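Line order of the protein sequences matches chains A and B. For the first sequence, the numbering used here begins at 12 and goes up steadily by one. For the second sequence, the numbering used here begins at 2 and goes up steadily by one.
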Amino acid sequence: MPHRRVEFTLDTPAWAPWPGIAAEVEALLQSLPDTGLIDPGPKPAGLPRGERALAAAAVARSLGCRSMTATEGRQALAALKRDREVQVLLEEGIPCPLTGRLGAVISAAGALARSPAILSRADLRRLQDEKLDDQDITDLILSAALASWTARVTLGLGRPD
Amino acid sequence: MTHHDTTLVERLAGVVPGSPIDRAWRARAAARRFAEEAYCRLLHPLDPGPISLVERRAVAAFVAVLNGEGQTRDHLLALLRDTDPTLAPLARLIEREAEDSSHPGPYGRYPAGPLSAEDLDGPVYAVAYPVQHELGLRLSAALEYAHLVTLHPRDATPESLAALARAGWTNGGVALLVDIIGFVNFQSRVVAGLRSHIAARQPQLAVV
Chain A
12 MPHRRVEFTL DTPAWAPWPG IAAEVEALLQ SLPDTGLIDP GPKPAGLPRG ERALAAAAVA
72 RSLGCRSMTA TEGRQALAAL KRDREVQVLL EEGIPCPLTG RLGAVISAAG ALARSPAILS
132 RADLRRLQDE KLDDQDITDL ILSAALASWT ARVTLGLGRP D
Chain B
2 MTHHDTTLVE RLAGVVPGSP IDRAWRARAA ARRFAEEAYC RLLHPLDPGP ISLVERRAVA
62 AFVAVLNGEG QTRDHLLALL RDTDPTLAPL ARLIEREAED SSHPGPYGRY PAGPLSAEDL
122 DGPVYAVAYP VQHELGLRLS AALEYAHLVT LHPRDATPES LAALARAGWT NGGVALLVDI
182 IGFVNFQSRV VAGLRSHIAA RQPQLAVV
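#1: Specify the secondary structure class of M12(A) as computed by DSSP and reduced to three states.
#2: Determine whether the Cβ of E70(B) lies closer than 8 Å to any Cβ atom of chain A.
#3: Distance check for P115(B) and E11(B), CA to CA, integer angstroms please.
#4: Using a Cβ-Cβ cut-off of 6 Å (strictly less than) and excluding sequence neighbours within five positions of I199(B), which residues of its own chain qualify?
#5: What does W170(B) touch in chain A if you count any residue whose Cβ is under 7 Å from its own?
#6: With respect to the alpha helix (DSSP H) encompassing E37(A), which residues constitute its N-terminal and C-terminal limits?
#7: Should A128(A) and E70(B) be called a contact, given that it needs their Cβ atoms to be closer than 8 Å?
#8: Helix, strand or coil, according to DSSP, for L195(B) in the structure here?
#9: Taking 8 Å as the cut-off, does the region 88-107 of chain A touch the region 20-35 of chain B (at least 3 CB pairs, one atom from each stretch)?
#10: Got a sec: which bits of the region 22-37 of chain B sit with their beta carbon under 7 Å from any beta carbon on chain A, in order along the chain?
#11: CB G57(A) to CB D134(A), shorter than 8 Å?
#12: When the Cα atoms are used, what is the spatial distance from S159(A) to A168(B)?
#13: Taking Cβ-Cβ distances shorter than 9 Å, what residues in chain B pair up with D50(A)?
#14: When DSSP builds the beta bridges, which residues end up paired with L121(B)?
#15: With a threshold of 8 Å, are at least 3 pairs of Cβ atoms found where one atom belongs to the region 188-203 of chain B and the other to the region 136-150 of chain B?
#16: Identify, in the order they occur along the chain, each residue of the same chain with its Cβ nearer than 7 Å to the Cβ of I181(B), setting aside the five sequence neighbours on each side.
#17: In terms of alpha-carbon separation, which member of L162(B), V179(B), L177(B), R155(B) lies closest to G31(A)?
#18: Can you tell which of W170(B), E100(B), D83(B), G183(B) has the C-alpha that lies nearest to the C-alpha of G138(B)?
#19: Can you pull the chain A neighbours of A176(B), defined as C-beta to C-beta under 8 Å?
#20: Between the beta-carbon of L138(A) and the beta-carbon of A66(A), is there less than 8 Å?
#21: On the three-state DSSP scale, how would you describe S131(A)?
#22: Between which residues of its own chain and P124(B) is the CB-CB distance below 6 Å, once the five residues before and five after are set aside?
#23: Can you tell me which of the three DSSP states P28(A) falls into?
#24: List the residues that DSSP assigns as beta-bridge partners of S126(A).
#25: Any beta carbon of chain A sitting closer than 8 Å to that of T73(B)?
#26: With a Cβ-Cβ cutoff of 8 Å, do R170(A) and W29(A) count as a contact?
#27: Within a Cβ cutoff of 7 Å, which residues of the same chain sit near A87(A), ignoring the five residues on either side of it in sequence?
#28: Quick one: using the 10 Å Cβ neighbour count with 16 as the cut-off for buried, is S141(B) buried or exposed?
#29: Sorry if obvious, but does the Cβ on P154(B) come closer than 7 Å to a heavy atom of the ligand MG?
#30: Locate the alpha helix (DSSP H) running through E135(B), then write down its first and last residues.
#31: Within 8 Å of any Cβ in chain B, is that where the Cβ of D150(A) sits?
#32: Quick one: list the residues of chain A neighbouring Y111(B), beta-carbon separation under 8 Å, in chain order.
#33: Please report the residue range of the alpha helix (DSSP H) in which W167(A) lies.
#34: For chain B, find out if any of its Cβ atoms is closer than 8 Å to the Cβ of G104(A); answer yes or no.
#35: Would L67(B) and S126(A) qualify as a contact pair, given that the criterion is a beta-carbon distance under 8 Å?
#36: With 16 other CB atoms within 10 Å as the buried threshold, where does D101(B) fall?
Listed below in structure tokens is the structure:
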């Protein structure tokens, strides 16, 4: 795997609003959704936390938000312990060459990051082939959609990195 | 089974009460409630504050048309039109402006460097002068910003906010504006995703 693009990294500094709008942004950030809103109760369990973060990271990567890609990417890495897959997402972006379950999650999140968002039958079949059930797929859709909201707020109001 | 407590997402996505996807969606009670409350707070506010009801709904309809999810688009265009009996022409204008400036996203440019290989060119939306006259400076600036943040958000700069300020937007108004834009991007994707998921299950149901 060529390691040529280093701009999307896990240690990108935290996001900060553009000067002058910090106070209003502070209030807005309190109300913003995050992937933690998808509160998996004991049953049904749904998409694991690391994969929800990975889906959010894929959306942030697709939109070009380096700080959010780093934040979600770190959470994905901490939960999944899959260094290579997270690194490939950071370096290659969308479309993502990864196969397997994590590749299917990233590809579906990338499809939902597009405008228009189109989750194709092929995307869904790939998720089902990787044993994602209705709850998992619903969680993936929610994670990607919430990240599509948050990343736009961060890019619209502050430094991308 | 009857559910009187349906939310906008379920209605737009065509979620059948009691179906497996309905159960999966309702199992995410906090996110489901959050989506409905955001819709009410942003597009049916008790106190509109720094953005008028018409401005809120005009921006939301514009973003929905840009995103191309049919149900969300129809709903938000109708919401704008029905805000006031005089608004049908504005709704048509918003629809046309969005259709004419819609382009597959996300695109945009990165600062010069290795990521430049990922640069994707696309249109920068600027409201034409005669249309600006009809929409007013304030709403024109809001639509230009909504187009940027929806389709090529990586191109946003401090100048994007300065343009809003010149058109009379306060910081409080801008924060609400970007929240509305973000929300419609969220809503369009939840509805598109759930509809695709539901549609993909149809052949199996037909066999049963």
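Beta carbons: idealized from backbone N, C-alpha and C, even for Gly. Just so it is clear, the structure is predicted and the values come from calculations on it, not from any experiment.
According to the data block:
#1: Residue confidence is low: M12(A) scores 42 on pLDDT, short of 50, so the model does not pin down where it sits. No coordinate-derived value is stated.
#2: Taking Cβ atoms only, chain A reaches closer than 8 Å to E70(B), which makes this a yes.
#3: One Cα belongs to E11(B), the other to P115(B), and the distance between them is close to 43 Å.
#4: Here the set comprises I22.
#5: Under the 7 Å cutoff, chain A gives no residues; its nearest Cβ is about 11 Å from W170(B).
#6: Looking at the DSSP string, the run of the alpha helix (DSSP H) that includes E37(A) is 33-42.
#7: Contact flag set, yes.
#8: Helix at L195(B).
#9: Inter-segment contact for the region 20-35 of chain B and the region 88-107 of chain A is absent: fewer than three beta-carbon pairs are separated by less than 8 Å.
#10: Here the close residues are I22, A25, W26, A28, R29, A31, A32, F35.
#11: At a Cβ-Cβ threshold of 8 Å, G57(A) and D134(A) do not count as neighbours.
#12: Between S159(A) and A168(B), the C-alpha separation is close to 27 Å.
#13: Within chain B, the residues R29, A30, A31, A32 have their CB atoms less than 9 Å from the CB of D50(A), given in chain order.
#14: DSSP links L121(B) through a beta bridge to G109(B).
#15: At 8 Å Cβ cutoff, the stretches do not touch.
#16: Same-chain partners within the cutoff: L43, R57, V60, A61.
#17: For G31(A), the closest of L162(B), V179(B), L177(B), R155(B) by C-alpha to C-alpha distance is L162(B).
#18: According to the sequence displayed, residue 138(B) carries Leu and not Gly. Nearest in C-alpha terms to L138(B), of all of W170(B), E100(B), D83(B), G183(B), is W170(B).
#19: Per Cβ cutoff of 8 Å: I32, E35, V36, A38, L39, L168.
#20: Taking 8 Å as the Cβ cut-off, L138(A) and A66(A) do not qualify as a contacting pair.
#21: In the structure shown, the three-state DSSP call for S131(A) is coil.
#22: Within the same chain, and ignoring the five residues on either side of P124(B) in sequence, the residues whose Cβ sits closer than 6 Å to its Cβ are H104.
#23: If DSSP states are grouped into helix, strand and coil, P28(A) belongs with the strands.
#24: Residue pairing by DSSP puts S126(A) in a beta bridge opposite G106(B).
#25: No - not a single Cβ of chain A is within 8 Å of the one on T73(B).
#26: Yes, the pair counts as a contact, with Cβ atoms nearer than the cut-off.
#27: Result list for A87(A): G61, A64, L65, A68, V97, in chain order.
#28: With 16 or more other Cβ atoms within 10 Å, it is buried.
#29: Here there are no bound small molecules, and the ligand MG is not part of this structure.
#30: According to the DSSP assignment, E135(B) belongs to the alpha helix (DSSP H) that extends over 130-136.
#31: For D150(A), a Cβ of chain B is located within less than 8 Å of the residue's own Cβ.
#32: Within chain A, the residues whose beta carbon sits less than 8 Å from that of Y111(B) are E18, G75, listed in sequence order.
#33: The residue you asked about is not Trp; residue 167(A) is Gly in the sequence shown. Unbroken alpha helix (DSSP H) run through G167(A): 145-168.
#34: Yes - at least one Cβ of chain B is within 8 Å of the one on G104(A).
#35: Cβ distance < 8 Å, so L67(B) and S126(A) count as in contact.
#36: Burial call: exposed.
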